[in-house]
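Going by the numbering used here, the residue at position 239 of the sequence shown is 476; the numbering climbs one at a time, nothing skipped.
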Amino acid sequence: MCGIAGIVANIEVSGSLYLALYALQHRGQESGGISTYDNGAVHKHKGYGLVFEVFSQEILQSLSGKTGLGHVRYPTTGGSKPENIQPFNFMFRGHTLSVVHNGNLVNTDELRYEYEGRGHIFSTTSDTEVISAILANEIIHSHTVGEAISFCMRTIRGSYAVIFMLDGALYAFRDPLGIKPLCIGILPDGGHIVASESVALDAVGAEFLRDVVPGESLLLKADKVYPRQIMSAKSPAHCVFEYIYFARADSVIDGVSVYNVRQKTGALLAGEAPAKADLVSPVPDSGIAAATGYADASGTPFREALIKNRYTGRTFIMPTQEKREMAVRMKLNPVRGHITGKSVVLVDDSIVRGTTSRRIIALVREFGAEKVHLRVASPPIIAPCYLGTDFPTREELISHCKNVEDVRAAINATSLAHISLDGLVEAIGLPCNHLCTGCLTGKYPLAINGEEEDPREIEKIDPYK
Numbered sequence: 238m239c240g241i242a243g244i245v246a247n248i249e250v251s252g253s254l255y256l257a258l259y260a261l262q263h264r265g266q267e268s269g270g271i272s273t274y275d276n277g278a279v280h281k282h283k284g285y286g287l288v289f290e291v292f293s294q295e296i297l298q299s300l301s302g303k304t305g306l307g308h309v310r311y312p313t314t315g316g317s318k319p320e321n322i323q324p325f326n327f328m329f330r331g332h333t334l335s336v337v338h339n340g341n342l343v344n345t346d347e348l349r350y351e352y353e354g355r356g357h358i359f360s361t362t363s364d365t366e367v368i369s370a371i372l373a374n375e376i377i378h379s380h381t382v383g384e385a386i387s388f389c390m391r392t393i394r395g396s397y398a399v400i401f402m403l404d405g406a407l408y409a410f411r412d413p414l415g416i417k418p419l420c421i422g423i424l425p426d427g428g429h430i431v432a433s434e435s436v437a438l439d440a441v442g443a444e445f446l447r448d449v450v451p452g453e454s455l456l457l458k459a460d461k462v463y464p465r466q467i468m469s470a471k472s473p474a475h476c477v478f479e480y481i482y483f484a485r486a487d488s489v490i491d492g493v494s495v496y497n498v499r500q501k502t503g504a505l506l507a508g509e510a511p512a513k514a515d516l517v518s519p520v521p522d523s524g525i526a527a528a529t530g531y532a533d534a535s536g537t538p539f540r541e542a543l544i545k546n547r548y549t550g551r552t553f554i555m556p557t558q559e560k561r562e563m564a565v566r567m568k569l570n571p572v573r574g575h576i577t578g579k580s581v582v583l584v585d586d587s588i589v590r591g592t593t594s595r596r597i598i599a600l601v602r603e604f605g606a607e608k609v610h611l612r613v614a615s616p617p618i619i620a621p622c623y624l625g626t627d628f629p630t631r632e633e634l635i636s637h638c639k640n641v642e643d644v645r646a647a648i649n650a651t652s653l654a655h656i657s658l659d660g661l662v663e664a665i666g667l668p669c670n671h672l673c674t675g676c677l678t679g680k681y682p683l684a685i686n687g688e689e690e691d692p693r694e695i696e697k698i699d700p701y702k
């Protein structure tokens, strides 16, 4: 999971890119970068840390240009190496190319092998460089950007939302299943922004125009957007985990309010798994909306039993288990007066490894709670994600080999219940066959070696072929 943004405008864009990335910080906290184009040159800066740590006012002023793109990252493919920090910037045959990507390819290894055989030398371990290599190679051979994008989309497999800048022109494209989000906005002073989530548009005062259609490519100019449909699926496969956890609650993704989804999951969960308790409390922050829905539907008072330290990161997207373990106690502290001697319903968005749940329940019990009922606003995560989520192996997933009762015992909850898959789908409001539920069902919307497939028919309507 990463956050990406691109802007083309009538004025300098580095400040707006900074604001857009700041709004997308929840999508990646390891590193960030911005590249801009001005007078034939690419200006770039990237580094480890949060957006406000990577960029100073002086650095932003040095990133001159009316076109640019940016990226915030947590590592999926490639690992935590400085050379994997995006944007990736290249020069070839007199062209400049800058690329950012959110998603994960499932055929990276074979493509890397193929292009190495053609003489391409890769300098990173990221799948984004594979995308960049394909684009550059096809621009050289086809001489048109449209054909290069078309070939790239027909060649790569997996989840991808890509923004790239070629000689100062801004382009974007989204995978035909629409697994990762991407949307377009109109800037108040003229120009366009394309970004992972609508909150990035809000941050720069842009008017939401629309979501990028799955399988669509775009050429964005300050005064107009030029779309081209390259591929089309009979039904998309939007990532359910965006609605469960990844996206910011105030985002609207593919026409669906993330906050409303989370609140409704809580309300439905109260009906599916009631608990006799004195209060309902969220696990902040991603459990807040679901907890309000649970409290309202159950008639149980809503109280904050846990206070979040705002200066810590999201534990799920921290790159190692040891760091996640340490972060839980740093991140959350109980309100003793709300929980001592009480029966508490804790509402969280998901259980992935069980680390956070186990530590939080221990904290709440340590501060005097008599009973701790955990209610989870997603079904059990039983399978890995190959499409951009950081739980790649079954061994990491507490629900893979354990049933609900075994998980309850492992995390020491008084009771444990998850919302049903039908309940989650109802809360999202999209048909189940419009969602990727691979992590919940073990069935994936595209072919992955050794895994069960829930295939979606994809039509290649490429105007060039």
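Just so you know, even glycine gets a beta-carbon here, dropped at the ideal spot from N, CA and C. Here the structure is a predicted model, which means the values were calculated and not measured.
Candidates the options, of which the one nearest residue i by Cα
i	options	result
S387	L300, L456, E351, T678	L456
R566	L258, H637, F604	F604
C389	H380, A370, A406	A370
V589	K608, N570, T630	T630
K697	V462, Y548, H610, E453	E453
L653	D586, D659, G675, T678	D586
V288	K303, G270, K281, V517	G270
T717	A398, S580, E607, L611	Absent from the structure is residue 717, since the part of the chain shown begins at 238 and ends at 702.
Y408	Y259, R447, R465, D522	R465
A650	D691, I685, R595, S657	R595
A542	P519, Y531, K513	P519
T361	F325, P473, I377, A486	F325
E535	S523, K513, R547	First, the amino acid is wrong: residue 535 is Ser here, not Glu. Residue K513 is the option with its Cα nearest to S535.
A257	A432, T365, A398, I648	A432
A646	H671, A599, L658	A599
P571	L658, R602, E290	R602
Residue span of the alpha helix (DSSP H) that contains residue i, given as start and end
i	result
I598	592–603
H380	It is not in any alpha helix (DSSP H) - H380 carries neither H nor E in the DSSP assignment.
S299	294–299
L256	251–260
I635	635–638
F628	Taken as a continuous stretch (DSSP letters only), F628 belongs to no alpha helix (DSSP H), as it is neither H nor E.
Host beta strand (DSSP E) of residue i (start-end)
i	result
M402	395–403
A203	The structure shown does not extend to residue 203, since the chain is modelled only from 238 through 702, so no value can be given for it.
K281	278–285
K339	Reading off the sequence, residue 339 comes out as Asn, not Lys. Its beta strand (DSSP E) spans residues 332–342.
N326	325–329
Q466	462–466
I358	Note, I358: premise wrong, no beta strand (DSSP E); not H, not E.
L455	453–457
Outcome for residue i when other beta-carbon atoms lying within 10 angstroms are tallied against a minimum of 16
i	result
S299	exposed
R540	buried
R355	exposed
R330	exposed
K501	buried
H380	exposed
H308	buried
A385	buried
Q266	buried
G340	buried
D643	exposed
G284	exposed
R693	buried
H575	buried
M703	For the chain, the structure presents residues 238 to 702; residue 703 sits outside this window and is missing.
R447	exposed
I648	buried
Residues bridged to residue i (per DSSP)
i	result
P413	Beta-bridge pairing links P413 to no other residue.
I430	I244, G422
C389	C389 is not bridged to any residue.
G305	I244, T273
I544	N570
H610	V582, S652
L689	The residue you asked about is not Leu; residue 689 is Glu in the sequence shown. Looking at the DSSP assignment, E689 forms a beta bridge with K680.
F539	V517
A239	Just to set this straight, residue 239 is Cys in the shown sequence, not Ala. DSSP, once it has assigned bridges, lists R310 as partnering C239.
A470	I695
L672	H475
Rounded Cβ spacing between residue i and residue j (contact assumed at less than 8 angstroms)
i	j	result
R310	C239	5 angstroms
G503	A526	7 angstroms
I241	V367	Not a contact, Cβ separation roughly 17 angstroms.
L297	S335	In fact, because the Cβ distance is near 17 angstroms, the residues do not count as touching under 8 angstroms.
A459	V609	Incorrect: roughly 54 angstroms between the Cβ atoms, too far for contact.
A620	G675	6 angstroms
H475	G422	With a Cβ gap of about 19 angstroms, H475 and G422 do not count as contacting.
A606	K579	6 angstroms
S301	T273	6 angstroms
P451	A437	Wrong, their Cβ atoms sit about 19 angstroms apart, outside the cutoff.
Interface flag, residue i vs chain C, CB-CB below 8 angstroms
i	result
F401	Looking for chain C here will not work: only one protein chain is present.
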